[in-house]
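Asker: Line order of the protein sequences matches chains A and B. Here the first sequence stands for residues 1 to 85, where the numbers follow this note's numbering. Here the second sequence stands for residues 1 to 139, where the numbers follow this note's numbering.
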Amino acid sequence: MCHRTVVHVQRAIEAIGIPTILITVEPTQTVQARAPRAVHPTFNAIGTPVGKAGDAAGQRALIERTFAALYDPIEPGSIRELSLS
Amino acid sequence: MPLELARRAIPYTPFDRPLSETTVALVSTAGVHLKSQEPFDVLGDGSYRIIPSDSNASDLTITHDHYDHTAGDQDVNAVFPIERLREMVADGTLKGLNPEFFGMMGYTLKLKQVLDETAPEIAKKIERSSTDLVLLTGG
């Protein structure tokens with residue numbers, strides 16, 4: 001449910017004209033809630049959407065890939081899957 | 001009277017700004033809040049907490065019963081990457097961070113409260129700030 005709630009907030013922010021991007025590990029819920037922009041790192045799980053505890057390099061790499069997706073947009077409401085390598 | 005967004009509609013604002021000129025805010029429903037703040041009600045809570053973006057990671061905690069937050073307890077950046085974003089400002093990747101980040105638990109049966117109060121309040125605070133981009137995470 002928290003993956004639905006976050007999309008409600010995301011939609012409100014996007015609707016006032018500020019771009020957003022969501023890192024989701026519950027892609028089905030994210031699509032159903034109609035997220036404007038989302039990435040799904042398939043190698044991360046619930047509890048570690050950004051990366052494993054202590055893995056600063058992995059967390060940083062994921063955030064950079066998430067931001068990079070902003071410049072290669074896909075249809076709003078769909079999700080960009082990010083896989084390892 | 002603000003325009004009401006149809007549930008099936010998808011709002012979309014283009015982003016074409018260089019990251020080095022971008023101020024970022026972080027919003028999460030992973031249940032993160034300051035230890036000094038009132039914890040979320042794990043039975044359901046649609047409220048939010050303002051988390052200063054210069055908070056020490058050690059001053060943050062997670063109150064949430066609907067996912068295993070062992071990783072986030074050890075390293076809050078696993079769900080709420082506050083230190084990673086600060087590093088990206090320090091090395092020039094990003095221009096800056098909004099002074100206010102936002103934490104929610106996300107589990108609530110009061111959807112109307114989220115739609116009518118919490119989401120618009122957070123959006124309005126962000127609109128009035130210098131934020132150019134919002135990064136969001138779930139649990």
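Ideal Cβ positions, reconstructed from N, Cα and C, are used throughout, including at glycine. Please read all numbers here as calculations on a predicted model, not as lab measurements.
Quick check on the burial criterion: 16 or more other C-beta atoms within 10 angstroms. Buried or exposed for residue 1 of chain B?
Answerer: Position 1 of the second sequence, counting from 1, holds the residue named residue 1 of chain B. With a pLDDT of 47 at residue 1 of chain B, under the threshold of 50, the predicted position of this residue should be treated as unreliable, and no value is reported.
Asker: Under 7 Å between the Cβ atoms of residue 34 of chain B and residue 135 of chain B?
Answerer: Counting from one through the second sequence, the residue named residue 34 of chain B turns up at place 34. Counting from one through the second sequence, the residue named residue 135 of chain B turns up at place 135. In this structure, residue 135 of chain B does not lie closer than 7 Å to residue 34 of chain B by Cβ.
Asker: Going by alpha carbons, who is nearest to residue 48 of chain A out of B:45, B:97, B:75, B:65?
Answerer: For the purposes of this step, residue 48 of chain A is identified with residue 48 of the first sequence, where counting begins at 1. Per the Cα distances, B:75.
Asker: Rounded to whole angstroms, what's the CA-CA distance from residue 11 of chain B to residue 18 of chain A? Just pull it up for me.
Answerer: In the second sequence, the residue the question calls residue 11 of chain B occupies position 11. In the first sequence, the residue the question calls residue 18 of chain A occupies position 18. Approximately 10 Å, taken between the alpha carbons.
Asker: Determine the DSSP secondary structure at residue 5 of chain B, reduced to helix, strand or coil.
Answerer: As a position in the second sequence, residue 5 of chain B is number 5, starting the count at 1. DSSP places residue 5 of chain B in coil when its eight states are reduced to three.
Asker: Quick check on the DSSP output: the beta strand (DSSP E) that includes residue 101 of chain B runs from which residue to which?
Answerer: Residue mapping note: residue 101 of chain B aligns to position 101 of the second sequence, counting from 1. Counting along the chain, the beta strand (DSSP E) containing residue 101 of chain B begins and ends at 100-104.
Asker: Measure the CB-CB distance between residue 53 of chain A and residue 9 of chain B and report whether it falls below 7 Å.
Answerer: On the first sequence, position 53 is the one that residue 53 of chain A refers to. On the second sequence, position 9 is the one that residue 9 of chain B refers to. The answer is no: Cβ separation not under 7 Å.
Asker: Helix, strand or coil, according to DSSP, for residue 11 of chain B in the structure here?
Answerer: Translated into positions along the second sequence, residue 11 of chain B becomes position 11. Residue 11 of chain B falls in the coil class under three-state DSSP.
Asker: Considering Cα atoms alone, identify which of B:7, B:92, B:49 is closest to residue 60 of chain B.
Answerer: One-based indexing of the second sequence puts residue 60 of chain B at position 60. The option with the nearest alpha carbon to residue 60 of chain B is B:49.
Asker: In terms of residue numbering, what span does the beta strand (DSSP E) encompassing residue 52 of chain B cover?
Answerer: Here residue 52 of chain B refers to the residue found at position 52 of the second sequence. Run containing residue 52 of chain B: 48-52, per the beta strand (DSSP E) assignment.
Asker: Is it buried or exposed, residue 31 of chain B, if we count other Cβ atoms within 10 angstroms and call 16 or more buried?
Answerer: Counted from its first residue, the second sequence places residue 31 of chain B at position 31. Buried, because 16 or more other Cβ atoms sit within 10 Å of the Cβ of residue 31 of chain B.
Asker: To the nearest angstrom, how far is the alpha carbon of residue 64 of chain B from that of residue 46 of chain A?
Answerer: Taking the first residue of the second sequence as 1, we reach residue 64 of chain B at position 64. Taking the first residue of the first sequence as 1, we reach residue 46 of chain A at position 46. Those two C-alpha atoms are separated by around 13 Å.
Asker: The region 19-45 of chain A: which residues have C-beta closer than 7 Å to a C-beta of chain B, in chain order?
Answerer: Under the 7 Å Cβ criterion, the region 19-45 of chain A contributes 19, 20, 21, 22, 23, 24, 25, 26, 34, 36.
Asker: Between residue 84 of chain A and chain B, is the shortest Cβ-Cβ distance under 7 Å, so that the two count as touching?
Answerer: One-based indexing of the first sequence puts residue 84 of chain A at position 84. No, no contact with chain B.
Asker: Specify the secondary structure class of residue 96 of chain B as computed by DSSP and reduced to three states.
Answerer: If you number the second sequence from 1, residue 96 of chain B lands on position 96. Correct three-state label for residue 96 of chain B: strand.
Asker: Within the chosen definition, does the region 95-108 of chain B reach the region 60-76 of chain A through at least 3 CB pairs nearer than 8 Å?
Answerer: In short, these stretches do not touch, since the Cβ pair count stays below three.
Asker: How many Å lie between residue 133 of chain B and residue 6 of chain A at the Cα?
Answerer: In the second sequence, the residue the question calls residue 133 of chain B occupies position 133. In the first sequence, the residue the question calls residue 6 of chain A occupies position 6. Each residue's alpha carbon lies about 15 Å from the other.
Asker: Using three-state DSSP, classify residue 83 of chain B as helix, strand or coil.
Answerer: Taking the first residue of the second sequence as position 1, residue 83 of chain B is located at position 83. Here residue 83 of chain B sits in helix by DSSP.
Asker: To the nearest whole angstrom, what separates the beta carbons of residue 16 of chain A and residue 127 of chain B, a pair I think is in contact under 8 Å?
Answerer: By one-based count along the first sequence, residue 16 of chain A stands at place 16. By one-based count along the second sequence, residue 127 of chain B stands at place 127. Rounded, the Cβ-Cβ distance is 5 Å, consistent with contact.
Asker: Would you check if the region 31-43 of chain A and the region 110-130 of chain B touch, i.e. whether three or more CB-CB distances between them fall below 8 Å?
Answerer: Short answer: they don't touch.
Asker: With a CB to CB cut of under 7 Å and the five nearest residues on each side skipped, what residues in its chain are close to residue 137 of chain B?
Answerer: For this step, residue 137 of chain B is matched to residue 137 along the second sequence. These residues qualify, in order along the chain: 28, 30, 79, 80.
Asker: Kindly list, in the order they appear in chain B, the residues whose Cβ is closer than 7 Å to that of residue 65 of chain A.
Answerer: The residue you call residue 65 of chain A lines up with position 65 of the first sequence. Going along chain B, no residue has its Cβ under 7 Å from residue 65 of chain A, so there is no contact; the nearest lies around 12 Å.
Asker: Compare the Cα-Cα distances from residue 40 of chain A to each of A:62, A:55, A:56 and report the closest residue.
Answerer: To locate residue 40 of chain A, count along the first sequence from 1; it is residue 40. Taking only the C-alpha atoms, the option nearest residue 40 of chain A is A:62.
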